[in-house]
Amino acid sequence: MKLITAVIKPHQLDEVKEALEAYGISGMTETEASGYGRQRGHSEVYRGAEYTVDFVPKVRLEVLVEDLDARSVVDVIVKAASTGRIGDGKVWVLPVEDVARVRTGEHGVAAI
Amino acid sequence: MKLITAVIKPHQLDEVKEALEAYGISGMTETEASGYGRQRGHSEVYRGAEYTVDFVPKVRLEVLVEDLDARSVVDVIVKAASTGRIGDGKVWVLPVEDVARVRTGEHGVAAI
Amino acid sequence: MKLITAVIKPHQLDEVKEALEAYGISGMTETEASGYGRQRGHSEVYRGAEYTVDFVPKVRLEVLVEDLDARSVVDVIVKAASTGRIGDGKVWVLPVEDVARVRTGEHGVAAI
Amino acid sequence: MTCDDVQHRRRKVIRMENAIDTGTTAWILISASLVLLMTPALALFYGGMTRSKSVLNMMMMSYGAMGVIGVIYVLWGWSMSYSSESVMGIFGNPFTHFGLADTITDSAGEYILSDGLPTVVDVGFQVTFAIITVALISGAIADRARFGTWLVFAGLWATFAYFPMAHMVWGGGLLSGDGPFASIAEPIDFAGGTVVHINAGVAALVLALILGVRKGFGKSPMRPHNLPLVMTGAGLLWFGWFGFNAGSAYAADGGAGLAWVNTTTATAAAMLGWLLVERLRDGHATSLGAASGIVAGLVAITPAAGDVSPLGAIPLGIIAGALSAMAVGLKYRFGYDDSLDVVGVHLVAGLWGTVALGFLATGSGLFYGGGLNQLWVQIIIALVAVVFSAVVTAVIALILKATMGWRIDSDVEVMGIDQGVHAESGYDFTGGSGRLASVGVASREALPGAEGPARSEGTTTDIDTTDTRETRS
Amino acid sequence: MTCDDVQHRRRKVIRMENAIDTGTTAWILISASLVLLMTPALALFYGGMTRSKSVLNMMMMSYGAMGVIGVIYVLWGWSMSYSSESVMGIFGNPFTHFGLADTITDSAGEYILSDGLPTVVDVGFQVTFAIITVALISGAIADRARFGTWLVFAGLWATFAYFPMAHMVWGGGLLSGDGPFASIAEPIDFAGGTVVHINAGVAALVLALILGVRKGFGKSPMRPHNLPLVMTGAGLLWFGWFGFNAGSAYAADGGAGLAWVNTTTATAAAMLGWLLVERLRDGHATSLGAASGIVAGLVAITPAAGDVSPLGAIPLGIIAGALSAMAVGLKYRFGYDDSLDVVGVHLVAGLWGTVALGFLATGSGLFYGGGLNQLWVQIIIALVAVVFSAVVTAVIALILKATMGWRIDSDVEVMGIDQGVHAESGYDFTGGSGRLASVGVASREALPGAEGPARSEGTTTDIDTTDTRETRS
Amino acid sequence: MTCDDVQHRRRKVIRMENAIDTGTTAWILISASLVLLMTPALALFYGGMTRSKSVLNMMMMSYGAMGVIGVIYVLWGWSMSYSSESVMGIFGNPFTHFGLADTITDSAGEYILSDGLPTVVDVGFQVTFAIITVALISGAIADRARFGTWLVFAGLWATFAYFPMAHMVWGGGLLSGDGPFASIAEPIDFAGGTVVHINAGVAALVLALILGVRKGFGKSPMRPHNLPLVMTGAGLLWFGWFGFNAGSAYAADGGAGLAWVNTTTATAAAMLGWLLVERLRDGHATSLGAASGIVAGLVAITPAAGDVSPLGAIPLGIIAGALSAMAVGLKYRFGYDDSLDVVGVHLVAGLWGTVALGFLATGSGLFYGGGLNQLWVQIIIALVAVVFSAVVTAVIALILKATMGWRIDSDVEVMGIDQGVHAESGYDFTGGSGRLASVGVASREALPGAEGPARSEGTTTDIDTTDTRETRS
Ligand SMILES: Nc1ncnc2c1ncn2[C@@H]1O[C@H](COP(=O)(O)OP(=O)(O)O)[C@@H](O)[C@H]1O
Ligand SMILES: Nc1ncnc2c1ncn2[C@@H]1O[C@H](COP(=O)(O)OP(=O)(O)O)[C@@H](O)[C@H]1O
Ligand SMILES: Nc1ncnc2c1ncn2[C@@H]1O[C@H](COP(=O)(O)OP(=O)(O)O)[C@@H](O)[C@H]1O
């Protein structure tokens, strides 16, 4: 099993979710995140003092998948999340040793 | 060493924390998350327009453990987090190559 | 490739970011987190009822690096994040199987 | 109608005057506006104190009281409070002035005046008291009450507890200067210690007992989610209370000025009293303590605002703050879930303020050489108010429990009453995900693109109460 | 000047009195203050309803209106509204009283009075109406309008739409009791159903059409980010509206009292009306519904506050709430992005309140045996107001579209107008990261340690509109 | 007492009148209420501007001032301000009217009147000015001051700086029309430019210098955490300021109306002035700028509200806004941490408003042909106020520094003063984890299930100041 983590732009979330669902993935976990990279932050001015905010809002998605699906799921995400502009984000794949479903106590692929 | 990640229902957090502490684990990191899965979200109505919120609030726990503890810690979490209802969450285990404690600079198992 | 996750004190974030940048790392993802460990939380009192908040605010940084950089990046982070006090946090290293850049679809080291 | 048709607050002699006093009229107009503002202020005070998942329901209980009482007051509320056709000194005949008949203008089409004040202005002033009193009670039943049951309760309680009590104390009834106890000493309730605070505080206790505790009461943390809101509420309450207390002088004169100064002095003192207890007992002076002390002081000075000196207002306030600070913990010991401490603040400080007049009333109080009579009569009216409110509230609440039911589903309580009952969330700071599913145009059509038929069964079932039924696939 | 130089609201005979009525003066002074407060209250009501990324811009449109109108009103606003030199009954000569010349004191240096009220107090009262009317419009163009264009629009619209309409209805113009339609029946607009609500509501519709929809309108969720703010705003609006309606009695008397009571009764009823529609249609009574119902009720009673009975105010309110609750969905059907429902609330309830007087006006209304004349004249003034406002607004808005431009960059719209246009964020609860880059001392130096020269080009380019240019390395 | 016992604001001749003016009384009653509201409004304005970890402490400094001054004003504040037993024209004898003796009623038990206004109403009005002035200062010492020291400072500063200054300017003292400078021209301070704003602004500067800068000042971002709160505060301040300025006319008359209109006009103009500077200098007009401009305008018009024309109020306001917008950056250049810009806003605009009268006062100002005398005397009273406030504040603050200490522990400062000092958090939007450990019933028992004995040592030690001691195991 693999854990696919995707850091994407917030307003692409719905599109990614729908693409995953269309692919057959129906579970995922989302966290709010902030990204630092080539995409620049913005600055704000309060009573003439300028603040630079370097981090840009992102959404971080985690999806557990079977080994075989990993590659295609990465592709699905990349396709759905892409706007072609700086800051579209990253997707990475980690090996997973075990998964358990809390409700049933099942382990392994059945638990995804 | 292993990294155990658990996505659970928010109001089970205290129970899981206490179960881990009883087991002998006394460190963990928590992030707020939202989950998408079999458990449905809810809808809200604003001036007659109905919005569907698909993601459900979850808590995401990360626990670094020694290899030998991994299996039992997963069990401890599953037991403590379970309410027997849809949406109780998932637990997964990742292999960890190195751990360092920032304060002391220690590495490896000593740093957990 | 490796994924380095660091859980640090919030007001060390800027220092760590600058140290990483100085080292040559110019991308990272940040999430707000809460930590539980040796550092104690605090208590609050509302109309005479005392609440204990066990979790302490932390920042969770994720940095994708090439294999060779992993060890040094951990060191850079440990050095920049350290204040010498309880609760400075942890850094851990996970193996990464694949990385993709969403904007371009590139894979592997080029995508970092 | 004739002018002696209406009996009113602190005035024994009602006479028809030809001349309007525009200054007094202006003052009561603005006082009425100030007291009306107190209910939204209370909604902030209460709303900030709940957890974020129930802030809207908490505010809605106050706003709902505005809706219900705002309508019924002009129908039968005024008549039940101030009709001179008193039924055994307990309530006025609801039909004499039903719908404000014979209240606004006389047969010649002229506005009816009483002591230079148009009666219709007084109606406005009075309705605001009825609203806030009902709203106060809601603090006891945070997070768990059916909204429909609350609205019905609001109407019934105003009718059977508030209007009669207003009649008894201010409308020439049993507890007024025309009542049987006045032979001991004239009972003093300047602006509503019995009618408003004891009345609401007792009702709160009764409701808390009848509804039972929230899930996790005494264990889970239920700390205020937004203290700046609480402090804003307390500040606006203080502001509005000038209408409540100084407006109750019924004139723009020195008496109103004295009530104004006493209100400020006692409130400042009560804030310090509460903070002092906290500092000594818990080690920290808190902002919730300051806000709560303000309200305790305002409550305690309410019955006394026109009848103590500013020097007397200082101990009255300090003791009110300290007493309430100590009383709010009792619910944990006795196990009633008076969620936002209506009992600890309004009942305790209301009783204290009413009884303290026995000592501090300038002229008739014990410390001013007036003997024990005033103290005695103050205790009597407080007790009558306690008993009356307890009985009436219990009867209404139990009937509603048996018929409509009081508690929401316990899973909805855990999920949050805002989402479950009102289908809303208080806050959305991230502009999170979600889809627009359908829009409620008159004909309630689904939007193009919305999946399936509009789910008219609402949201409350979408939580983990049921098992496999609720799966997506 | 002579005293008959000024024509004013509901008074046919303007006479110079020697004696000031301090009670009335006090009441109008506080009424003016209350109405001024309505604009910040509106900013809360509107601001809470937007997404968190646009809350500041939303509030700034209201505050900006205070800035612009606050200045131009004393320059030419008063004169255009109330100068007795009327230009065809449509507007007053802006020069007669430019800069309040001959308005405050007479040649002897005494304050000019009219019916016992100093005219300068009336000026204060009037400016607040002009401000709030302009601010109301902004609800239609949330999240997407250039701030500079808005400020210019505010000044032009007040000048060409508001001041003339005030003149027509209250300043002795076309739609007043001195106008041509008064021969049918005297038109009634007690406190601004036509001048304020229909006027602003139509302008909102026209602007929404001219600006076009927001990105994602009807698809993305655009739910309120802070409902406690919305409810607070509604509560403060109710409070402020007492100045608006009861202040429009122009005296501290029974008439003001009647307006006060009607305002409360109709508003309470409208809240219940809105909640009822929601409960039946959507299954949930919401807090946004309660807040919206309050505003709908306040709007509907505005033209009628002095001319219906409290019993008449109840159906007037209930129907206003229900109608508006049904009307807010129309924008989805017809595809105009009236973001915060100015049309559904202010135009619909404003029309209803104005026309309802034809039925409910005590004395002249159909239900009071007054025949059809009042109804007929109410429909006429409503229609004239609709057409006048539509034409004037369209001309101004189209000219601005062609010259300054209305819409912000669509990428800024997605990022959020607060960051893009005002270089601010509404909230920062985490005390997140960031650096102080430079400070704007008079000479605007970079701080020691700030990297590079101060970026004076601002922030709006720092977003993902451009491609490789914006990379860091 | 005799009636000439009290010297008061702008009235040279104090006469005992038999007749109360109820209109004026109503206006001053409501004005007092409005000014009292300004302090909670200030708490919002200031609270929203801090980081979220200090919002409660920031608000508590304002509320704490209400507590302390609310009590001491009736004890000795009134007497020190307005007793006719003046000590060298600097302060009144605190004992003449200690506890409001001989202030409320005369020997016959009748309310004492002065110019038709009951003196007790005036007491209420005055106490609110004292409160807000003290609260204003707190903006300079955000995030870092011991709460106990602040409360003591509040009481001392009111006693030694505010009451004397009120006496000097309004109580017939040195800077009044009865003082030595009146021979040049009668000094003008209509509503408190010197007494309130210069006084508080100078005190703020002195405190900022004595307390020193916050950790990270000029480097870390310290941006406002809740701008809607700031804007709400500014809106409520504007509203409350009508009591402050128009109430200072001491009558419900044309003079009050003029002050009202000037207040609105200058404030609108100042908002535009501030926004203009920002737009030109920084490229963005901000909401914080609008809110700040409002306050700068209100401050500048304060001394001038009754003595300029609305046309004069426009430049007075614009310049106030622009000057303050430029001045707020000075703290970075000179390195004093006047955290929320009390100096930049209150001192600068207060000085400007006071001095501008030399040019713009109708009648005596330079631009009105009055020569230089008025300008000269305005500069003198401003300078005297600056020096007096600086000296008194420095003495008090240094004594407190040496005795109680001003600064909280630097680790608590980093963690957040709310948690460290008040043991509270401003917000909890997630209903996060945590346990109820014990409850403070009178006898403070631990709850069943709470671990170990109640930790009475509070929370401040639970942070990373100590090392191994604080480990869990
Ligand atoms: N080395 C990295 N490790 C972890 N996250 C990264 C890394 N580099 C970039 N990211 C994440 O990816 C996001 C997009 O990266 P950025 O460099 O801005 O644009 P792009 O991926 O289009 O080149 C960042 O905001 C950050 O969240
Ligand atoms: N494939 C997945 N990858 C990552 N997280 C998942 C996945 N499936 C489920 N989850 C997480 O687990 C939570 C519970 O899953 P759900 O399907 O609702 O119920 P259950 O686990 O009881 O079958 C989800 O809300 C989500 O956070
Ligand atoms: N076993 C663990 N697994 C995951 N995170 C941990 C673990 N132990 C500690 N942490 C994280 O590291 C932070 C610091 O740990 P703590 O024990 O307080 O201090 P220190 O690391 O200095 O000994 C914790 O707040 C928590 O976020």
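Line order of the protein sequences matches chains A, B, C, D, E and F. When the count follows this note's numbering, it moves up by one through the first sequence with no breaks and lands on 157 for the last residue. When the count follows this note's numbering, it moves up by one through the second sequence with no breaks and lands on 157 for the last residue. When the count follows this note's numbering, it moves up by one through the third sequence with no breaks and lands on 157 for the last residue. When the count follows this note's numbering, it moves up by one through the fourth sequence with no breaks and lands on 759 for the last residue. When the count follows this note's numbering, it moves up by one through the fifth sequence with no breaks and lands on 759 for the last residue. When the count follows this note's numbering, it moves up by one through the sixth sequence with no breaks and lands on 759 for the last residue. Think of the CB as a built atom: it goes at the ideal place given N, C-alpha and C, for glycine as much as any other residue. Every value quoted in this text rests on a predicted model; they were computed, and no experiment measured them.
Among the options, the one whose alpha carbon lies nearest that of residue i
i, options, result
"tryptophan 513/E", "Val407/D, Phe411/D, Ile685/D and Phe715/D", "A quick correction: the sequence has leucine, not tryptophan, at residue 513/E. Checked all of Val407/D, Phe411/D, Ile685/D and Phe715/D; the closest Cα to leucine 513/E is Phe715/D."
"arginine 83/C", "Gly134/C, Ile157/C, Val138/C and Asp114/C", "Gly134/C"
"valine 147/B", "Val141/B, Glu95/B and Ala156/B", "Ala156/B"
"aspartate 539/E", "Ala426/D, Leu584/D and Val406/D", "Val406/D"
"phenylalanine 384/F", "Ala428/F, Asp401/F and Val360/F", "Val360/F"
"isoleucine 587/F", "Thr640/F, Glu564/F and Val563/F", "Thr640/F"
"lysine 103/A", "Arg130/A, Val136/A and Pro55/A", "Pro55/A"
"isoleucine 427/D", "Phe439/D, Val373/D, Ser625/D and Ser573/D", "Ser625/D"
"valine 594/D", "Leu609/D, Leu562/D and Tyr654/D", "Tyr654/D"
"serine 675/D", "Ser711/D, Phe620/D, Asp307/D and Ala490/D", "Ala490/D"
"lysine 124/A", "Ile70/C, Leu139/C, Gly69/C and Glu151/C", "Glu151/C"
Cross-strand partners of residue i (DSSP beta bridge)
i, result
"threonine 74/C", "Gly80/A and Glu107/C"
"tyrosine 397/F", "Thr391/F"
"leucine 403/D", "Ser400/D"
"asparagine 512/D", "Tyr713/F"
"arginine 146/C", "Lys135/A"
"histidine 87/C", "Val98/C"
Distance cut 6 Å, beta-carbon to ligand 2 heavy atom: residue list by chain order | Gly72/A, Met73/A, Thr74/A, Glu107/A, Val108/A, Leu109/A, Arg146/A, Arg148/A, Ile157/A, Val52/B, Gly80/B, Tyr81/B, Gly82/B, Arg83/B, Gln84/B, Val101/B, Lys103/B, Ile131/B, Gly132/B, Asp133/B, Gly134/B and Lys135/B
Between the segment 561-592 of chain D and chain C, which residues of the former have a C-beta closer than 9 Å to a C-beta of the latter?
-> Val563, Glu564, Arg567, Asp568, Gly569, His570, Thr572, Leu574, Gly575 and Ser578
Let me know the alpha helix (DSSP H) ranges lying completely inside the segment 465-500 of chain E, each 4 residues or longer, listed in chain order.
-> 485-497
Contained beta strand (DSSP E) runs [length at least 3] in the segment 662-706 of chain F, N- to C-terminal order | none
What residues in the segment 101-116 of chain A have a beta carbon less than 7 Å from any beta carbon of chain B?
-> Leu109
Could you give the uninterrupted runs of the alpha helix (DSSP H) lying entirely in the segment 578-630 of chain F, keeping only those of 4 residues or more?
-> 596-613 and 616-620
With 7 Å as the C-beta to C-beta threshold (strictly closer), list the residues of the segment 694-716 of chain D near chain B in chain order.
-> Val700, Gln705, Ala709, Glu710 and Ser711
Taking Cβ-Cβ distances below 7 Å as the criterion, which residues of the segment 316-332 of chain F are in contact with chain D?
-> Ile316, Ala318, Ser319, Leu322, Leu323, Pro326, Ala329 and Leu330
Of the residues that make up the segment 48-67 of chain A, which ones have a beta carbon closer than 7 Å to any beta carbon in chain C?
-> Val52 and Ile53
Of all the residues that make up the segment 80-97 of chain C, which are near chain B by a beta-carbon distance shorter than 8 Å?
-> Gly80, Tyr81, Gly82 and Arg83
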